[in-house]
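Position 25 of the sequence shown, counted from 1, bears residue number 25 in this note's numbering, the numbering being contiguous throughout. In this text, a Cβ means the ideal position worked out from N, Cα and C, and glycines have one as well. Single-structure report; data block below.
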Amino acid sequence: MIKCPACHHEEYEGELFCSECGARLSGPWVEPPPTATFDSARLREISKNITPATSTLAELQQGQIALYISGAAMPIILEGHSEYLLGREGHEQLVPDVNLNLYGGREQGVSRIHASLRVDRRQLLLMDLGSTNGTRLNGTPLTAHEPVRLENGDEIRLGKLTMKITFNF
Numbered sequence: 001m002i003k004c005p006a007c008h009h010e011e012y013e014g015e016l017f018c019s020e021c022g023a024r025l026s027g028p029w030v031e032p033p034p035t036a037t038f039d040s041a042r043l044r045e046i047s048k049n050i051t052p053a054t055s056t057l058a059e060l061q062q063g064q065i066a067l068y069i070s071g072a073a074m075p076i077i078l079e080g081h082s083e084y085l086l087g088r089e090g091h092e093q094l095v096p097d098v099n100l101n102l103y104g105g106r107e108q109g110v111s112r113i114h115a116s117l118r119v120d121r122r123q124l125l126l127m128d129l130g131s132t133n134g135t136r137l138n139g140t141p142l143t144a145h146e147p148v149r150l151e152n153g154d155e156i157r158l159g160k161l162t163m164k165i166t167f168n169f
């Protein structure tokens, strides 16, 4: 654990900002975080709403969404819900539907609850949920809490984590 230099609230190693006061936690006053270790059983854990697959657009079933995360071998396939929260798991926080910790989300600046994908009739909407490091669509920054319509093949960037999205509606 590290202490915020402004309010002395304790945060996990590697956090960029204090969850209490918002102060930046990195700098000469903060020791660098230790090398991360992962429980291999935890890494194999897959959410009931997420199914890894080697799908392409032509192979997606009706109602499926595929997230192709940069550097990942297989896409994440989403189906069965009208809305998905994108983010990373953190202590005592709401667990997102798509946990991007497994893809380096924490290191790449993904907030715990970063953005949402919402199915609205036959369209897909992306909305930044007030994330610390922002959301970009095809390189353009999004305004927090304003949904934008997605097209097949769009590039989404959460912090520094990049992904392509395809869907079949």
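With contact defined as three or more Cβ pairs closer than 8 Å, the segment 64-72 and the segment 128-135 are not in contact.
Bounds of the beta strand (DSSP E) holding V119 are I113 to D120.
Around the beta carbon of C18, a 10 Å sphere encloses 16 or more other beta carbons of the protein chains shown; the residue is thus reported as buried. For T135, the beta-bridge partners assigned by DSSP are L158.
Looking at the DSSP output, D128 sits in a beta bridge with A115.
At the C-beta level, T143 and S111 stay beyond 8 Å of one another.
Apart from sequence neighbours up to five positions away, the residues of its chain that approach R118 with a beta-carbon distance below 6 Å are E83 and L125, ordered along the chain. Cβ neighbours of N99 within its own chain (closer than 8 Å, five residues either side excluded): S47, G87, R88, E89 and G105.
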